[in-house]
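Structure, as structure tokens:
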Amino acid sequence: KREKAQQEIELRKKKIEEDLKIDNIENKFATHYDAVEQQLKSSTIGLVTLDEMKAKQEHIVREREKKLAQKKAEKEKERQKEIEAK
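Per UniProt numbering, the sequence shown starts with residue 1, numbered consecutively.
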């Protein structure tokens, strides 16, 4: 019983290490940047002032960060539920 618990803990540790592994920092931010850039392009049509462009970009970045934070919180809740279930 104790050995089984230790094995589960080791598997969780390995999974967390894989999730947190930083292979290439540029790759982690590339998708975030691409999504923001695409949304910015679709929301700005025609001529806009620099201030308008910066305001829209700032708004889009904030929204994207909120979504990422929500996803992270949901994953953490799921992990806690899995741990509590066992």
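Backbone N, C-alpha and C fix where the C-beta goes; we use that ideal spot for every residue, glycine too.
- Taking 8 Å as the upper bound for CB-CB distance, residue 79 and residue 35 are not in contact here, some 25 Å apart.
- Taking the Cβ atoms as the reference, residue 68 lies roughly 16 Å from residue 57, outside the contact range of under 8 Å.
- CA-to-CA, the gap between residue 73 and residue 83 works out to about 15 Å.
- Counted as a single uninterrupted DSSP element, the alpha helix (DSSP H) harbouring residue 68 occupies residues 50 to 85.
- Secondary structure at residue 40: helix, using DSSP grouped into helix, strand and coil.
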